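Chemist: Counting in the numbering used here, the sequence shown runs from 1 upward without gaps.
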Amino acid sequence: MKKVYFDNAATTQVRESVIVKMQEALTTYYGNPSSTHSFGRSAKTAVESARKTIAKYLNAKPSEIIFTSGGTEADNMVLHSAVRDLAIKRIITTRIEHHAVLHTVEELEKEYAIVVEYLDLDVYGNPKLDHLENLLKQEDTKTLVSLMHVNNEIGNKIDLNAFSTVCVENNALLHSDTVQSVGHYNWDVQKTPVDFLTAAAHKFHGPKGIGFVYIKKNLGLKPLIFGGSQERGFRAGTESFHNIIGLEEAFIQSYNNLAEEASFVKSLKHYFIETITNKIPGVKFNGLSGDLDKSTYTLVNVCLPISNEKSLMLLFHLDIKGIACSKGSACQSGSSLDSHVLSEILSKEDLEKPSIRFSFSKFNTKEEIDYTIGVLKEFIEK
């Protein structure tokens, strides 16, 4: 059976060079990075080299990079610590953030009685900059703004420079979940002055279970996990050494090949949009995912002209045909009501139709797009 993987926004295939580096780490540099003998020192040196690599590409300081188990932990770390340690009394975010942010904010609201405010969205799902300005000017409460750079369901890409400027002007801290954009876009934390930035290796062809958080120097955060002095005392526990080495290699390869690979993946998305528009009349693109300039080049989210009854078997049918894709941020069946993102922006009529996210990588081909759209067309016309 033909196998097609179009769920790269969920996780990506690991690069071969990453696997090689991780195998080397597991078999050769197996000492504990906290040990003082030569085995430990070798591992420690490699960990710090990885930290310096990431800092260099972000134009940050190595001390501002903390390794985590992934994006979810990184988001939780930032939000919890900011409220606990920085006297944050208000968080401003949107209702279409990843649940790693939304659920954390909800818990903080209960535990610390902070004020949570949600930005208005335009019809495409973009947060309104003027609403943020108004909220920040209304009162001088110590505020943290949390906005994802690229939405993981509809691919909208916000102008983070504009939002960071407003935050700086109003003395608000800015956290950005950049899990869908680190490894796919260049970053300079000096030119885009975010205070916190989070990332996960498995979104850019690295291993699962490892990520990092950028924390602007001297903000005064304290650790959430106590024990040893790892990660400069900020995150206790023996480092996941082989995963850190894998993250570094994936990071290096993503940025060394960024121009070429981004151009190729963007061409796949363009071909997908063009082909599905021609082959399936009535298809719609959710959010701005059909706009190559205003959304990420890695994904598209389509609303298909299928009845709700028929849609119940759609993802199952695609899976049977060997096609991996998803609805929202996880594979689900049923109507689009399951997606908190689409529920905010789609009409009641379109919510009754199936919406599917297709996400692409350097490992995909136009032939896979032809096959997938052919399967979709056949299913719709039955």
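All C-beta atoms, glycine included, are put in the ideal place defined by N, C-alpha and C. From a predicted model like this one, the values you see are computed outputs, not experimental measurements.
#1: Please give me, in chain order, every unbroken run of the beta strand (DSSP E) with length at least 3 that falls completely inside the segment 87–145.
#2: For Ala324, list the residues DSSP reports as bridge partners.
#3: When the Cα atoms are used, what is the spatial distance from Thr53 to Glu249?
#4: First and last residue of the beta strand (DSSP E) that includes Ala82?
#5: For Gly233, name the three-state secondary structure that DSSP assigns.
#6: Rounding to the nearest angstrom, what Cα-Cα distance links Val182 and Phe204 in this structure?
#7: Which of helix, strand or coil does DSSP assign to Thr365?
#8: For a test of the three-state rule: what should DSSP assign to Asn156, helix, strand or coil?
#9: Given a cut-off of 8 Å on the beta-carbon distance, is the pair Pro354 and Ser311 in contact?
#10: Should the segment 72–91 be regarded as contacting the segment 213–232, the criterion being three or more beta carbon pairs within less than 8 Å?
#11: Quick one, are the C-beta atoms of Lys142 and Ile88 less than 8 Å apart?
#12: Which residues in the same chain have their Cβ closer than 7 Å to the Cβ of Thr178, if we skip the five residues on either side of it in sequence?
#13: Helix, strand or coil for Tyr212? Go by DSSP, reduced to three states.
#14: Using a threshold of 8 Å, state whether the C-beta atoms of Ile210 and Ile244 are closer than that.
#15: Touch check for the segment 351–367 and the segment 255–273: three-plus C-beta pairs under 8 Å?
Modeler: Concretely, from the data shown:
#1: Fully enclosed beta strand (DSSP E) runs of 3 or longer: 90–93, 115–118.
#2: BP columns for Ala324 point to Tyr5.
#3: Within the model, the alpha-carbon separation for Thr53 versus Glu249 is close to 9 Å.
#4: Counting along the chain, no beta strand (DSSP E) covers Ala82; the unbroken alpha helix (DSSP H) around it starts and ends at 71–85.
#5: When DSSP states are grouped into helix, strand and coil, Gly233 belongs to the helix group.
#6: Using only the alpha carbons, I get a separation of about 8 Å.
#7: If DSSP states are grouped into helix, strand and coil, Thr365 belongs with coil.
#8: Strand, per DSSP.
#9: In this structure, Pro354 places its C-beta atom within 8 Å of the C-beta atom of Ser311.
#10: Yes: at least three Cβ pairs fall under 8 Å.
#11: The answer is yes: Cβ separation under 8 Å.
#12: If we look at Thr178 and ignore the five residues flanking it on each side, its Cβ neighbours are His149, Leu197, Thr198, Ala199.
#13: Note that residue 212 is Phe in the sequence shown, not Tyr. Correct three-state label for Phe212: strand.
#14: The Cβ atoms of Ile210 and Ile244 lie closer than 8 Å to each other.
#15: Short answer: they touch.
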